[in-house]
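The structure appears right after this line, and notes come after that.
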Amino acid sequence: MSFTSTLFLFVFLPVALSFYYFSKDSFKEYLLFGFSLIFYSLGSTHFLVIFLGSITATVLIGRTMQAIEKSKIKTLLLVFGIVINTGILFYYKYSNFAITTFSQLTGNELEIRELLLPLGISFYTFKAISYLADVYTEKSVLGDEIIHDFLYLSIFSQIQSGPITRYSNFKKLDCDFKDSFSNGAIRFMLGFNKKVLIANVLANITKEVFNTPVNDCSTGFLWLGSICYSLQLFFDFAGYSDMAIGLTEMFGYSCMENFKYPYMTESVSKFWRRWHISLSEWFRDYIYIPLGGSRNKHKILVYFNLFVVWVLTGIWHGAAWNFIWWGLGYFVLISFERLTGLPERFSTILGKVLYRIFTLLFINFQWVMFNSKDINTGLDFIKHMIVYQNNELANLRAIFLLKDYLFFILIAIVFCFPVVPWVKNTLVEKEVASKTFDILENTIIFISFLWAISFIIAGQNNPFAYANF
Numbered sequence: 111m112s113f114t115s116t117l118f119l120f121v122f123l124p125v126a127l128s129f130y131y132f133s134k135d136s137f138k139e140y141l142l143f144g145f146s147l148i149f150y151s152l153g154s155t156h157f158l159v160i161f162l163g164s165i166t167a168t169v170l171i172g173r174t175m176q177a178i179e180k181s182k183i184k185t186l187l188l189v190f191g192i193v194i195n196t197g198i199l200f201y202y203k204y205s206n207f208a209i210t211t212f213s214q215l216t217g218n219e220l221e222i223r224e225l226l227l228p229l230g231i232s233f234y235t236f237k238a239i240s241y242l243a244d245v246y247t248e249k250s251v252l253g254d255e256i257i258h259d260f261l262y263l264s265i266f267s268q269i270q271s272g273p274i275t276r277y278s279n280f281k282k283l284d285c286d287f288k289d290s291f292s293n294g295a296i297r298f299m300l301g302f303n304k305k306v307l308i309a310n311v312l313a314n315i316t317k318e319v320f321n322t323p324v325n326d327c328s329t330g331f332l333w334l335g336s337i338c339y340s341l342q343l344f345f346d347f348a349g350y351s352d353m354a355i356g357l358t359e360m361f362g363y364s365c366m367e368n369f370k371y372p373y374m375t376e377s378v379s380k381f382w383r384r385w386h387i388s389l390s391e392w393f394r395d396y397i398y399i400p401l402g403g404s405r406n407k408h409k410i411l412v413y414f415n416l417f418v419v420w421v422l423t424g425i426w427h428g429a430a431w432n433f434i435w436w437g438l439g440y441f442v443l444i445s446f447e448r449l450t451g452l453p454e455r456f457s458t459i460l461g462k463v464l465y466r467i468f469t470l471l472f473i474n475f476q477w478v479m480f481n482s483k484d485i486n487t488g489l490d491f492i493k494h495m496i497v498y499q500n501n502e503l504a505n506l507r508a509i510f511l512l513k514d515y516l517f518f519i520l521i522a523i524v525f526c527f528p529v530v531p532w533v534k535n536t537l538v539e540k541e542v543a544s545k546t547f548d549i550l551e552n553t554i555i556f557i558s559f560l561w562a563i564s565f566i567i568a569g570q571n572n573p574f575a576y577a578n579f
């Protein structure tokens, strides 16, 4: 069940909120856990037992680890918990990829099963691993109420596509219902608008371009599609994250931020401190640092650690070679930036501008590979973006697409930057009341939300891009 579906907007969410806020405080977490299971079953009925089994095993192992002193048993429990969760993830997400790769390498034809992917498995698996690891290292101390652990692992607002919040950060907000609900509702509507009014509209362009054989495209047509996909993916996933954060706050809990204007980045390395922040920090804290991080005396080990992180990052996004290639692309350029200090060499204003343009071009090429069905298709697409290719029909299609969607493209580009905070700060400096600006901003968000709902009612909706991971 999608956050943008009519079932969620007009049935599930109002019912869940009503029951939650009119229930006793001691019963709220049980109720929210129950609604989270209902949400999961509506989206992935066949896998509810597996999901419940996974989080139950995780919680029981975590509670047992906290109850005993550091010992070999505690370490074995940690390993056992990680193996259970990664084993389920591997079976459903990667077993067919492993079988296909083995068959290609050996020439032996092995049977491939039709496997559906359990809802949110990549996300709740990583939450489970962080839960176990933090309990083991005593970074997290489990509270008296075991239901809080179950809710952390299953809360419906984060189960589909994150953010991958840490247990220690999943807390009740220190404010009353009115504030948490209103702030969360505004954040939810903002994300809804990003998804429906920008990402879904831009998807019309990207589908037309990426579904057209590369040889039937012109260079300009390909550039239009790639730029629009970069914008679409940002507003799709950032919109989802805003909705997830808003929903979590509406029920009175905190949730970490996941995006920070990533296309404003100064370098490729810094891009991943702004894009999908919860995933980047997860790989940093649970893979990169345990491997030794940057502390290794031997530089080659530092880059080996980076290599492992980026291969795993690619594989996490999808069981296909183009995702591994995509991850390796980031490994190569981030390693090059670290080795040469390249971003710092462009210290002048012009130099910084040029390097930012280079960074955005690289990221754009990376998204092409990310959205391609295989490596060869992605490379062919990129090649014809660089080597001029003319096609009159494709040029006409590009012109018609621009005519229909230019307004939405420009809006997307503008809101890739912190325009609203900048305007607000400027007005506050000029002694324009901050409260007045907030009322105006919230009114615009609400009116846009009503407009976006009309799109959904009319049946114009697309699934979230990261829901497949």
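111 is the number of the first residue of the sequence shown in the working numbering; add one for each residue after it.
For each residue, glycine too, the CB sits at the ideal point set by N, CA and C.
By the Cβ test, the segment 175 to 184 is not in contact with the segment 196 to 213, since fewer than three Cβ pairs between them sit closer than 8 angstroms. A residue is called buried when at least 16 other Cβ atoms come within 10 angstroms of its Cβ; Ser544 does not meet this threshold and is exposed. With 16 or more other Cβ atoms from the protein chains shown falling within 10 Å of its own Cβ, Arg297 counts as buried.
By the 16-neighbour rule on beta-carbons within 10 angstroms, Arg276 is buried. Contact check for Gln476 and Gly439: beta-carbon distance about 5 angstroms, within the 8 angstroms limit, so the pair qualifies. Excluding the 5 residues flanking it on each side, Thr316 has same chain C-beta neighbours closer than 6 angstroms at Gly335, Cys338, Tyr339 and Gln342, in chain order. A Cβ-Cβ distance of about 42 angstroms is found for the pair Ser267 and Thr329, leaving them out of contact under the 8 angstroms criterion.
Contact check for Phe361 and Thr114: beta-carbon distance about 19 angstroms, past the 8 angstroms limit, so the pair fails to qualify. In this structure, the CA atom of Tyr576 is about 14 angstroms from the CA atom of Ile387.
Looking at the DSSP output, Lys282 sits in a beta bridge with Tyr363. A Cβ-Cβ contact shorter than 7 angstroms links Ser271 with Tyr350. For the 7 angstroms CB-CB criterion, Phe236 and Ile274 form a contact.
When the five nearest sequence neighbours on each side are left out, the beta carbons in the same chain lying within less than 8 angstroms of the beta carbon of Val538 are those of Ser544 and Phe547, in order along the chain. Secondary structure of Glu551 (DSSP, three-state): helix. Distances from the CA of Ser290 to each of Ser364, Phe345 and Ile256 were compared; the closest alpha carbon is that of Ser364. Pairing Met353 with Thr216, the inter-Cα distance amounts to about 46 angstroms. For Val463, the closest alpha carbon among the candidates Tyr373, Ser146, Asp326 and Tyr140 is that of Tyr373. Note on geometry: alpha-carbon atoms of Ile192 and Ala309 lie some 35 angstroms from one another. Between the segment 165 to 175 and the segment 250 to 265 there are three or more inter-stretch CB-CB distances shorter than 8 angstroms, so the stretches are counted as touching. The Cβ atoms of Leu188 and Leu242 lie closer than 7 angstroms to each other. Judged by DSSP in its simplified three-state form, His386 adopts coil rather than helix or strand.
Rounded to whole angstroms, the Cβ separation of Gln214 and Cys327 is 29 angstroms, and the two are not in contact under 8 angstroms. A straight line joining the alpha-carbon of Leu300 with that of Ala568 spans about 20 angstroms.
Under the 10 Å beta carbon count, Lys483 is surrounded by fewer than 16 other beta carbons and is classified as exposed.
CA-to-CA, the gap between Gly153 and Met111 works out to about 5 angstroms.
Between the segment 378 to 394 and the segment 466 to 480, the count of Cβ pairs shorter than 8 angstroms is three or higher; the stretches touch.
Beyond the five residues adjoining it in sequence on each side, Leu512 comes within less than 6 angstroms, by CB distance, of no other residue in the same chain. Each residue's CA atom was taken as its position, placing Ile239 and Ile194 some 10 angstroms apart. One alpha carbon belongs to Phe157, the other to Ser292, and they sit about 34 angstroms apart.
Between the alpha carbons of Leu516 and Leu263 lies a gap of roughly 41 angstroms. Of the residues assessed, Trp532 falls on the exposed side of the cut-off, its CB having fewer than 16 other CB atoms within 10 angstroms. Ser146 places its beta carbon 7 angstroms or farther from that of Ile231. Here His408 carries a coil assignment [DSSP, helix/strand/coil]. In the displayed model, Thr247 falls within coil according to three-state DSSP, outside both helix and strand. Straight-line spacing of the CA atoms in Ile521 and Phe527 works out to 11 angstroms.
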